[in-house]
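Below is one structure, written out as structure tokens, with a few remarks after it.
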Amino acid sequence: MYNFRTLMEETAQAQNIEPTREETPRAEALICEKNVLDIYFDAVATSGENFFHSLVKKLAHATGADSALICEVLPDQLSRVRSLAVLRAGEFVDNFEVDIPVLCCLNAQEICPLCYPDQMSDSPLKPQAQVLGMGNYVGIPLIGQGGKLLGTMALMWLRQSEDHRESKLLLQILAYRVANEMGRLRSSEPQTEKIQFLLAMADAIPTPIFYKDRSGYYLGCNQAFERLFDTTRTEIVGSAPHDIDPKHLAPKFHEMDKALLKNRTPQTFETTIPLPDGRHRDVIINKAVISEPDGSIGGIVGTILDITDLRKADRKIQQLAYYDSLTGLPNRVKFKEHLSEQLADQASLQYPPSVLLIDLWRFKGLNGTLGHSRSNQILTAVAEKLANLAHSKDMVARVGRDEFAMTLHRGGEQEASRTSERILELLENPIKIQGQQVQVAASIGIALSSMNGEGADDLIENAEAAVFQAKEKGKNSYHFFSKQMNEEALEQLVLETQLRQALRREELHLCYQPQLDLSTGRTVGLEALVRWTHPTQGLVPPDRFIPIAENSGLILPIGEWVLRTACIQARKWQQFGHPGLRVSVNLSGIQLKQPRLVETVSSILQECRLDPNLLELELTESTMMEDTEENIQILNRLKGLGIHLSIDDFGTGFSSLSYLKRFPIDKLKIDRSFLSEVPHSDDDVAITKAVIALGHSLGLKVIAEGVETQEQLDFLRIQKCDSIQGYFFSRPLSQAGVDDFLKKEGPRRRLFTRPNGPVWAI
Numbered sequence: 010m011y012n013f014r015t016l017m018e019e020t021a022q023a024q025n026i027e028p029t030r031e032e033t034p035r036a037e038a039l040i041c042e043k044n045v046l047d048i049y050f051d052a053v054a055t056s057g058e059n060f061f062h063s064l065v066k067k068l069a070h071a072t073g074a075d076s077a078l079i080c081e082v083l084p085d086q087l088s089r090v091r092s093l094a095v096l097r098a099g100e101f102v103d104n105f106e107v108d109i110p111v112l113c114c115l116n117a118q119e120i121c122p123l124c125y126p127d128q129m130s131d132s133p134l135k136p137q138a139q140v141l142g143m144g145n146y147v148g149i150p151l152i153g154q155g156g157k158l159l160g161t162m163a164l165m166w167l168r169q170s171e172d173h174r175e176s177k178l179l180l181q182i183l184a185y186r187v188a189n190e191m192g193r194l195r196s197s198e199p200q201t202e203k204i205q206f207l208l209a210m211a212d213a214i215p216t217p218i219f220y221k222d223r224s225g226y227y228l229g230c231n232q233a234f235e236r237l238f239d240t241t242r243t244e245i246v247g248s249a250p251h252d253i254d255p256k257h258l259a260p261k262f263h264e265m266d267k268a269l270l271k272n273r274t275p276q277t278f279e280t281t282i283p284l285p286d287g288r289h290r291d292v293i294i295n296k297a298v299i300s301e302p303d304g305s306i307g308g309i310v311g312t313i314l315d316i317t318d319l320r321k322a323d324r325k326i327q328q329l330a331y332y333d334s335l336t337g338l339p340n341r342v343k344f345k346e347h348l349s350e351q352l353a354d355q356a357s358l359q360y361p362p363s364v365l366l367i368d369l370w371r372f373k374g375l376n377g378t379l380g381h382s383r384s385n386q387i388l389t390a391v392a393e394k395l396a397n398l399a400h401s402k403d404m405v406a407r408v409g410r411d412e413f414a415m416t417l418h419r420g421g422e423q424e425a426s427r428t429s430e431r432i433l434e435l436l437e438n439p440i441k442i443q444g445q446q447v448q449v450a451a452s453i454g455i456a457l458s459s460m461n462g463e464g465a466d467d468l469i470e471n472a473e474a475a476v477f478q479a480k481e482k483g484k485n486s487y488h489f490f491s492k493q494m495n496e497e498a499l500e501q502l503v504l505e506t507q508l509r510q511a512l513r514r515e516e517l518h519l520c521y522q523p524q525l526d527l528s529t530g531r532t533v534g535l536e537a538l539v540r541w542t543h544p545t546q547g548l549v550p551p552d553r554f555i556p557i558a559e560n561s562g563l564i565l566p567i568g569e570w571v572l573r574t575a576c577i578q579a580r581k582w583q584q585f586g587h588p589g590l591r592v593s594v595n596l597s598g599i600q601l602k603q604p605r606l607v608e609t610v611s612s613i614l615q616e617c618r619l620d621p622n623l624l625e626l627e628l629t630e631s632t633m634m635e636d637t638e639e640n641i642q643i644l645n646r647l648k649g650l651g652i653h654l655s656i657d658d659f660g661t662g663f664s665s666l667s668y669l670k671r672f673p674i675d676k677l678k679i680d681r682s683f684l685s686e687v688p689h690s691d692d693d694v695a696i697t698k699a700v701i702a703l704g705h706s707l708g709l710k711v712i713a714e715g716v717e718t719q720e721q722l723d724f725l726r727i728q729k730c731d732s733i734q735g736y737f738f739s740r741p742l743s744q745a746g747v748d749d750f751l752k753k754e755g756p757r758r759r760l761f762t763r764p765n766g767p768v769w770a771i
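In terms of this note's numbering, the sequence shown opens at residue 10 and continues consecutively.
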């Protein structure tokens, strides 16, 4: 049974003093009579401020003291104490603080109670007693670990008390407990401040933070965690994992916590969690163990990083980087990656992968006719047809403005042929756009992997070479790549290198084909045509090197050279007595897209001092119909220089009358293909008549090229065509040949104007 004797012995042992055995029987009787032992157990059961206030109140009541106090020595001033709890006349005194010079001399050997029943003159607590208005007291110093003085505890009376033995023993019993509590609070103050600082700092962090004990139960969280899960700390603390964690993730999280506590290795993982409002958030969870000072595990701390917006941005970036915004199909980059993966894994495939490149036939002209919006609808419809046709393991991608690509991993050459035929068949069905039926055709290039180490770039390039050959066959055709095509590509590369050198070596020169007024026979213009005399191959046909120049970008320096040379020559002819002779220069689509085209033309005219009225720029119909609105602006600026503009090869492209009347052009040139069968082909006759009538109705001049027979000439005169050019009168001439041709201007004009007379080639 726990009795007073046991308590005294334990207290004395803890304080390292001898128990007062001679007074024990009497004191025990006194204390038991008043049931003072209960005071001790009440003290043990409480802590903190409640402990000190409760204790002084019970001490005063048990001993009949008028005042009871517990004070602590200031840490930085040992001669001054302040109250932890002071009771006077049944009421607590706040902010009690007083100097006690003598108290600093006390030590662990003086831990016995001090009693001053008669006078206070020598009492170390005299200042306290005076402040409280007390006459005598029983007090005891409070000594902590290492003999450190922590404070004092005392009972005081207004009048002299007869017997203080009970009070002295009671203070001695409780001194150790009070000193221990004071020491605990002092040691915990820095830790408490540190914890408060860490909690405040955690609340300032926007990232949700949570704490768990070793059993996985939540110990707390910061404000960001509260906001994320729409909860409070009060609801979090003490909650089991399955109460807080998402139901479908709780078992997994629990197992991960167990693994973390076992191996102490921090964890980082990404997952999706549901929120109370029904939303789902993508998060990265980081967890680590909390280590105690002795090295043991105190629990788990974790952070939750919300990356939902980041993942959305990533997906958007991925969409922009790898997918076509119009059709939703993979783009060229994604297609290449997919093809590379197939090539790397082709050993496991029954057939080597192949590539189909689908090029829509003359789509640029169709774009100019229908407009940008409806053209996009056509592309979307074609994309849908191709996607529906493709096998689940194949990929359909949009790799250019009017180009699509498809991978095939089955059936080899036969399957590639069947798929190509199926694609062409699908595209033959008209596409309905805003109530209008639109027919789309295509050319398909096919490249098969030989499983000899080709890369994705090789196959794509081979397919591009094959589609070029398919275009040569005409629309709705397909072509397989062959090694011979590689040889031709190499030959073109060599020719491109030599063409670059030709410009520097002045191997290029101009020829001029005369253009005659059909009613008078007068030479009204000369079309400048570039020629290349190769040092070993001789004359290289324009249809061989012009495409190379356009594909390589050499057309820009070559085109500028042609324009400058023609303008210089036109100025000379003007000075030599041919003031109205206009020179015509062909302009490619690449030149038309050159940002400083207008400035370049203006600069050359000023440099050559040529009247702008004597320069005519020819553009093909298909070139003008690409990016129509932008081209109209460029042509208006060129027209503003005072030059003439004409449409070459008219009738071979896709023209829109609504756009045609908006172009600032002066002349239409009938393509030679429509004259080759005139007047024997009814279709060609009808087309030629229509072009002449259309041009005149729009106030334009009409010129026919490729005139080679008397019948063609007579037909054009009857149809009132304005001017002509062709072999019937002259082939392209050198500068000297033009001079000689112009010298015969008089006789030729007399033949043209002779009444009912024949027209002869001169």
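Using N, Cα and C, we set each Cβ at its ideal position, and we do this for glycine too. Here the structure is a predicted model, which means the values were calculated and not measured.
- Spell out the partners DSSP gives G82 in its beta bridges. The residue you call residue 82 lines up with position 73 of the sequence shown. Reading off the sequence shown, one finds Val at residue 82, where the question assumed Gly. Paired residue(s): V90.
- Decide if D731 is buried, meaning its Cβ has at least 16 other Cβ atoms within 10 Å, or exposed. In the sequence shown, counting from the first residue as 1, residue 731 sits at position 722. Label assigned to D731: buried.
- Quick one: complete alpha helix (DSSP H) runs, 4+ long, within the stretch 546-602? 551-561, 564-584, 598-601
- Item | Close Cβ partners of V102 (< 6 Å) along its chain, the five nearest in sequence each way excluded | As a first step, residue 102 must be located in the sequence shown, where it is residue number 93. Closer than 6 Å at the Cβ level, and outside the excluded window around V102, lie V95.
- Message: Considering just the uninterrupted stretch of the beta strand (DSSP E) at A451, what are its terminal residues?
- Response: Here residue 451 refers to the residue found at position 442 of the sequence shown. That run of the beta strand (DSSP E) goes 451-457.
- Task: Run the CB neighbour count on Q734, radius 10 Å, all protein chains shown included, and call it buried at 16 or more, exposed below.
- Result: Counting from 1 along the sequence shown, the entry for residue 734 is found at position 725. Q734 is classed as buried because its beta carbon has at least 16 other beta carbons within 10 Å across all chains shown.
- Item | Where S76 sits in the DSSP three-state scheme | The count along the sequence shown starts at 1 and reaches residue 76 at position 67. Strand at S76.
- Using CA coordinates, which residue listed in S561, G562, V539 is at the minimum distance from V571? In the sequence shown, residue 571 corresponds to position 562, counting from 1. The shortest Cα separation from V571 among S561, G562, V539 belongs to V539.
- K676 by DSSP, collapsed to three states: which one? Within the sequence shown, residue 676 is the residue found at index 667, counting from 1. Strand.
- Item | Reference A213; option with closest CA among S248, L623, A71, N231 | Start at 1 with the first residue of the sequence shown, and residue 213 comes out as number 204. If we check each option's Cα against that of A213, N231 comes out closest.
- Task: Give me the Cα-Cα distance between K752 and D411, rounded to the nearest whole angstrom.
- Result: Taking the sequence shown and counting its residues from 1, one reaches residue 752 at position 743. Taking the sequence shown and counting its residues from 1, one reaches residue 411 at position 402. Cα to Cα, K752 sits roughly 51 Å from D411.
- Task: Assign F585 to buried or exposed, taking buried as 16 or more other Cβ atoms, counted over all protein chains shown, within 10 Å of its Cβ.
- Result: Counting from 1 along the sequence shown, the entry for residue 585 is found at position 576. Exposed.
- In this structure, what does DSSP give as the bridge partners for V700? On the sequence shown, residue 700 is found 691 positions in, with the first residue counted as 1. According to the DSSP secondary-structure assignment, V700 is paired through a beta bridge with no residue.
- Would you be able to state if there are at least three C-beta pairs under 8 Å between the stretch 66-73 and the stretch 168-188? yes
- Close-in-space but distant-in-sequence residues of the same chain around V147 (CB under 7 Å, 5 per side omitted): Looking up residue 147 in the sequence shown gives position 138. For V147, same chain residues with a beta-carbon under 7 Å away, outside a window of 5 residues either side, are P122, C124, A163, L164, H173, S176, K177, L180 in chain order.
- Query: Hey, L395 and F413: beta-carbon distance below 8 Å or not?
  - Reply: As a position in the sequence shown, residue 395 is number 386, starting the count at 1. As a position in the sequence shown, residue 413 is number 404, starting the count at 1. Yes, these two residues count as a Cβ contact at 8 Å.
- Query: Could you check where the alpha helix (DSSP H) with L270 kicks off and where it finishes?
  - Reply: In the sequence shown, the residue the question calls residue 270 occupies position 261. 259-272 is the extent of the alpha helix (DSSP H) around L270.
- Query: What is the residue span of the beta strand (DSSP E) that R407 lies within?
  - Reply: Here residue 407 is taken as the residue at index 398 of the sequence shown, counted from 1. Residues 405-407.
- Task: For L601, collect the residues of the same chain with a Cβ closer than 7 Å to its Cβ; drop the 5 residues on either side in sequence, then sort them by chain order.
- Result: Walking along the sequence shown from the start, residue 601 turns up at place 592. L628, T632, N640, I643.
- Can you name, in chain order, every residue of its own chain whose Cβ lies under 7 Å from the Cβ of V298, other than the five neighbours on each side? Against the sequence shown, residue 298 aligns to sequence position 289. Here the set comprises L269, L270, R273, I306, I309.
- Can you say whether G704 is buried or exposed, counting buried as having 16 or more other CB atoms within 10 angstroms of its CB? Numbered from its first residue, the sequence shown carries residue 704 at position 695. Buried is the call here.
- Message: For a quick check, are the C-beta atoms of R383 and Q443 less than 8 Å apart?
- Response: One-based indexing of the sequence shown puts residue 383 at position 374. One-based indexing of the sequence shown puts residue 443 at position 434. Contact flag set, yes.
- For M143, the first and last residue of its enclosing alpha helix (DSSP H): Start at 1 with the first residue of the sequence shown, and residue 143 comes out as number 134. Here M143 belongs to no alpha helix (DSSP H), and DSSP marks it neither H nor E.
- Classify E754 as helix, strand or coil using the three-state DSSP reduction. Here residue 754 is taken as the residue at index 745 of the sequence shown, counted from 1. If DSSP states are grouped into helix, strand and coil, E754 belongs with the helices.
- Let me know if F489 comes out buried or exposed under the rule of 16 or more other beta-carbons within 10 Å of its beta-carbon. Here residue 489 refers to the residue found at position 480 of the sequence shown. Within 10 angstroms of the beta-carbon of F489 lie 16 or more other beta-carbons, which makes it buried.
- Cα-Cα separation between A117 and R97, rounded to whole angstroms: For the purposes of this step, residue 117 is taken as the residue at position 108 of the sequence shown. For the purposes of this step, residue 97 is taken as the residue at position 88 of the sequence shown. Because A117 sits at a pLDDT of 37, beneath the cut-off of 50, its placement in the model cannot be relied upon, and the following sentence gives the value as read from the coordinates. Approximately 28 Å between the Cα atoms of the pair.
- Item | Euclidean distance between Cα positions of K648 and L654 | Translated into positions along the sequence shown, residue 648 becomes position 639. Translated into positions along the sequence shown, residue 654 becomes position 645. Between K648 and L654, the C-alpha separation is close to 7 Å.
- Message: Could you tell me the alpha carbon to alpha carbon distance between D675 and L535, rounded to whole angstroms?
- Response: Translated into the one-based positions of the sequence shown, residue 675 becomes position 666. Translated into the one-based positions of the sequence shown, residue 535 becomes position 526. Cα to Cα, D675 sits roughly 16 Å from L535.
- Task: Pick out the complete beta strand (DSSP E) segments inside the stretch 207-242, 3 residues or longer, and give them in chain order.
- Result: Correct list: 218-221, 227-230.
- Would you give the residue range spanned by the beta strand (DSSP E) that D411 belongs to? Locating residue 411 in the sequence shown gives position 402, counting from the first residue. Looking at the DSSP string, D411 is not in any beta strand (DSSP E), and its letter there is neither H nor E.
- Cβ shell of N622 (< 8 Å), same chain only, five flanking positions each side left out: For this step, residue 622 is matched to residue 613 along the sequence shown. Cβ within range, chain order: R591, G651, I652, H653.
- Since I believe N340 is in contact with V405 (beta carbons under 8 Å), could you give me their beta-carbon distance rounded to a whole number of angstroms? By one-based count along the sequence shown, residue 405 stands at place 396. By one-based count along the sequence shown, residue 340 stands at place 331. Their Cβ separation, rounded to whole angstroms, is 11 Å, which puts V405 and N340 out of contact at 8 Å.
- Query: From this set, F554, L527, P604, D657, which residue's C-alpha is nearest K729's C-alpha?
  - Reply: Start at 1 with the first residue of the sequence shown, and residue 729 comes out as number 720. Looking at the Cα atoms, L527 is the closest of the given residues.
- Three-state secondary structure assigned by DSSP to R646: Translated into the one-based positions of the sequence shown, residue 646 becomes position 637. Correct three-state label for R646: helix.
- Message: So, at 8 Å on beta carbons, what are the nonlocal neighbours of L352 in its own chain, with the 5 sequence-adjacent residues on each side left out?
- Response: In the sequence shown, the residue the question calls residue 352 occupies position 343. Cβ within range, chain order: P362, S458, E463, G464, A465, L468.
- Query: Starting from Q478 and walking both ways along the alpha helix (DSSP H), at which residues does that stretch end?
  - Reply: The residue labelled residue 478 in the question sits at position 469 within the sequence shown. Per DSSP, Q478 belongs to the alpha helix (DSSP H) from 465-482.
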